[in-house]
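Below: the structure, in C-alpha cells.
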Amino acid sequence: MNMNNSDLNKNLTHYYSNKIETLMDIFGAEEITLENKNIIVDGHSYPVVDDVIILLDPSQYPPAVSRLLNSSLPPKIKPVNFSEDIQFTFGSEWLTYPDIMPEHEDEFALYFDLINIPDLKNMRVCDLGCGIGRWSYFLRDKCRELILLDFSEAIFAARKNLKESENAIFLMGDIQRLPLRSGFTDFLFCLGVLHHLPVNALREVRALKNYASTILVYLYYALDNRPFYFRMLLDIVTPIRKAASKIRSPFFRTGFSTFIAWTVYVPLVYLGKFLKHFHLSRNIPLFEGYDKKTVHRIKQDVYDRFFTRIEQRFTKNQILELEKDFKKVTVSENLPYWHFKCENN
Numbered sequence: 022m023n024m025n026n027s028d029l030n031k032n033l034t035h036y037y038s039n040k041i042e043t044l045m046d047i048f049g050a051e052e053i054t055l056e057n058k059n060i061i062v063d064g065h066s067y068p069v070v071d072d073v074i075i076l077l078d079p080s081q082y083p084p085a086v087s088r089l090l091n092s093s094l095p096p097k098i099k100p101v102n103f104s105e106d107i108q109f110t111f112g113s114e115w116l117t118y119p120d121i122m123p124e125h126e127d128e129f130a131l132y133f134d135l136i137n138i139p140d141l142k143n144m145r146v147c148d149l150g151c152g153i154g155r156w157s158y159f160l161r162d163k164c165r166e167l168i169l170l171d172f173s174e175a176i177f178a179a180r181k182n183l184k185e186s187e188n189a190i191f192l193m194g195d196i197q198r199l200p201l202r203s204g205f206t207d208f209l210f211c212l213g214v215l216h217h218l219p220v221n222a223l224r225e226v227r228a229l230k231n232y233a234s235t236i237l238v239y240l241y242y243a244l245d246n247r248p249f250y251f252r253m254l255l256d257i258v259t260p261i262r263k264a265a266s267k268i269r270s271p272f273f274r275t276g277f278s279t280f281i282a283w284t285v286y287v288p289l290v291y292l293g294k295f296l297k298h299f300h301l302s303r304n305i306p307l308f309e310g311y312d313k314k315t316v317h318r319i320k321q322d323v324y325d326r327f328f329t330r331i332e333q334r335f336t337k338n339q340i341l342e343l344e345k346d347f348k349k350v351t352v353s354e355n356l357p358y359w360h361f362k363c364e365n366n
C-alpha cells in the first residue's frame, strides 16, 4: 500500500503555533518562523505535511512526499549509508499494518521493563524510528513532550494514531543526519531500528548518546542464549529473507507473509504449547515470542523480518562492550532479546 496525495494534507502549520519554544529548544535555534506550508529554522525552510515536519533532503523523499511537494529538483546522489529499499519496506509495512493492535500494549510492557514510567512525567521523550507510533501511543499521557521521528511514510500513520496528542511533535528525518541540537531530549528509545541500517548498529548506539542521557534500545540477538539448532535454522532462513526482500510486489509480500505465518509460525507455536506441559517449550523456535499473538500480528512480524535486506545480530557480551562508552549499561534478561538501557547521567 502506498500513500496517495489524497491521503496527505499539505496544510497550514497552525499545529505548531503553540510549540515554537519547544521547537527552538529541539533545534537549538535562535529563530523559528511559521509560514503557510513551511517552518523556517534559522533561515532553513522545512516543509510541513499533515503536521509532519520534513527534515529529509529532497533526494531522500519517499515517492508520495516527493509528488506532493512537487519536488522537481535535479537528481542528487543520495547520502552515503541511506538505504532507499529499507525506507520503502518500513513505509510499506506500516501502511499495510497501520493500526495499534491489542498485543502492542503487552509488548510495550516487555520493552519498557527497564524504565520506571512515572519518572518520565516531566521529561521530553523521543521515539526514534517510531513507525506507526505503536510505543509512543502508550506514552502519550505519561510524559511532558513526545517527539516521534521516522524516515518513512509510516510517520503519517503515527500522526493519525496520536491525533489527540497535543504534546507530540512529528518529524520525518534520517537518524544519521538530524539537524537537532545535542541533548535535545531527556529520554530516547529506539526499538528494532538500528539493526536494519547499513552501518554498525552498536556504533549508532554510541552516537545516540549525543542526543539523550538515557537511551533504551532493542537489537536483534545472535541467539546466543539458545540451543545450537536455532542458529542453524537462522542460516537456512537468511538466504530466503535476502531473496524475498528484493521483491516489492504488494501481492507477493502479503501472500508470502500469510503463507509463512500459517505454515511456519503457527505450527511451531502449537508445538510449543504442547511441549509446555513437559517444560520443553523454550526449546521450540518462535514459541516464546509468539505464544499469545494473533495471526494478524504474526503476519506483520513476518513482513518485518523477511522484507528487510539488512539484519544485524548481536550477543549480550557485544552489547555489554558499550560500557566503555556509557556510565552504565543494563541488558534485560527478559524477552525480547536483547533490549537494553544505556545511561550517562
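One point on numbering: in the working numbering, the residue at position 247 of the sequence shown is 268, and numbering is uninterrupted.
Heads up, the beta-carbon is just placed ideally off N, CA and C, and yes, glycines get one too.
Simplified DSSP state of residue i, which is helix, strand or coil
{"i": "MET144", "result": "coil"}
{"i": "THR279", "result": "helix"}
{"i": "VAL220", "result": "coil"}
{"i": "ASP367", "result": "This structure does not reach residue 367, given that the chain is present from 22 up to 366, and the question cannot be answered."}
{"i": "ALA233", "result": "coil"}
{"i": "TYR242", "result": "strand"}
{"i": "GLU166", "result": "strand"}
{"i": "LEU135", "result": "coil"}
{"i": "ILE153", "result": "coil"}
{"i": "MET253", "result": "helix"}
{"i": "PHE335", "result": "strand"}
{"i": "TYR158", "result": "helix"}
{"i": "ASN355", "result": "coil"}
{"i": "ARG326", "result": "helix"}
{"i": "THR284", "result": "helix"}
{"i": "SER302", "result": "helix"}
{"i": "PRO271", "result": "helix"}
{"i": "PRO123", "result": "helix"}
{"i": "SER186", "result": "coil"}
{"i": "ARG247", "result": "coil"}
{"i": "ARG202", "result": "coil"}
{"i": "LEU296", "result": "helix"}
{"i": "THR110", "result": "helix"}
{"i": "THR259", "result": "helix"}
{"i": "LYS367", "result": "Given that the chain is displayed from residue 22 to residue 366, the structure contains no residue 367 and the question cannot be resolved."}
{"i": "LYS314", "result": "coil"}
{"i": "MET22", "result": "At MET22, the pLDDT of 43 sits below 50, so the modelled position is not reliable; the number obtained from the coordinates is stated separately. DSSP places MET22 in coil when its eight states are reduced to three."}
Cβ pair residue i, residue j closer than 8 Å
{"i": "GLN333", "j": "TYR118", "result": "no"}
{"i": "PHE361", "j": "VAL350", "result": "yes"}
{"i": "LYS184", "j": "CYS164", "result": "no"}
{"i": "ASP153", "j": "ALA178", "result": "Rather than Asp, the amino acid found at residue 153 in this sequence is Ile. Taking 8 Å as the Cβ cut-off, ILE153 and ALA178 qualify as a contacting pair."}
{"i": "LEU135", "j": "SER353", "result": "yes"}
{"i": "ASP195", "j": "GLN81", "result": "yes"}
{"i": "GLY310", "j": "LEU356", "result": "yes"}
{"i": "ASP140", "j": "LEU169", "result": "no"}
{"i": "LEU215", "j": "SER186", "result": "no"}
{"i": "TYR239", "j": "LEU212", "result": "yes"}
{"i": "ILE340", "j": "TRP359", "result": "yes"}
{"i": "PHE328", "j": "THR110", "result": "yes"}
{"i": "ARG262", "j": "ARG326", "result": "yes"}
{"i": "THR206", "j": "ALA233", "result": "yes"}
{"i": "VAL316", "j": "VAL285", "result": "no"}
{"i": "ARG161", "j": "ALA189", "result": "yes"}
{"i": "PRO219", "j": "LEU76", "result": "no"}
{"i": "VAL258", "j": "LEU343", "result": "no"}
{"i": "ALA265", "j": "ILE319", "result": "no"}
{"i": "LYS337", "j": "ASP245", "result": "yes"}
Same chain, Cβ closer than 7 Å to residue i, five either side skipped, listed in chain order
{"i": "ASP72", "result": "TYR36, ARG180 and PHE191"}
{"i": "LEU55", "result": "THR34, TYR37 and SER38"}
{"i": "PHE347", "result": "LYS230, CYS363, GLU364 and ASN365"}
{"i": "PRO83", "result": "GLN108, GLY112, SER173 and GLU174"}
{"i": "ASN304", "result": "PRO248"}
{"i": "LEU289", "result": "ILE305, PRO306, LEU307 and PHE308"}
{"i": "ASP63", "result": "ALA50, GLU51 and GLU52"}
{"i": "LYS40", "result": "ILE190"}
Residues near residue i in its chain [Cβ-Cβ closer than 6 Å; skip 5 each side]
{"i": "TYR324", "result": "GLU114 and SER278"}
{"i": "LYS314", "result": "GLU124"}
{"i": "ARG155", "result": "ILE121 and HIS125"}
{"i": "SER302", "result": "GLY293, LEU296 and PHE308"}
{"i": "ASN137", "result": "none"}
{"i": "LEU90", "result": "PRO68"}
{"i": "ILE236", "result": "LEU209, LEU229 and CYS363"}
Residues near residue i by beta carbon distance below 8 Å, same chain, minus five either side
{"i": "ASN59", "result": "THR34, SER66, TYR67, PRO68 and VAL69"}
{"i": "CYS151", "result": "SER157, LEU169, LEU170, ASP171, ALA175, ILE176 and ALA179"}
{"i": "PHE159", "result": "HIS125, GLU126 and PHE129"}
One or two residues paired with residue i in a DSSP bridge
{"i": "CYS448", "result": "Outside the modelled stretch of the chain, which goes from 22 to 366, sits residue 448, for which no answer is possible."}
{"i": "CYS211", "result": "VAL238"}
{"i": "LEU192", "result": "ILE74 and LEU170"}
**Study point:** Length-filtered (3 minimum) beta strand (DSSP E) runs lying within the stretch 37–103
**Key:** Taking only runs of at least 3 residues, the beta strand (DSSP E) segments lying wholly in the stretch 37–103 are 53–55, 59–62, 65–70 and 73–75.
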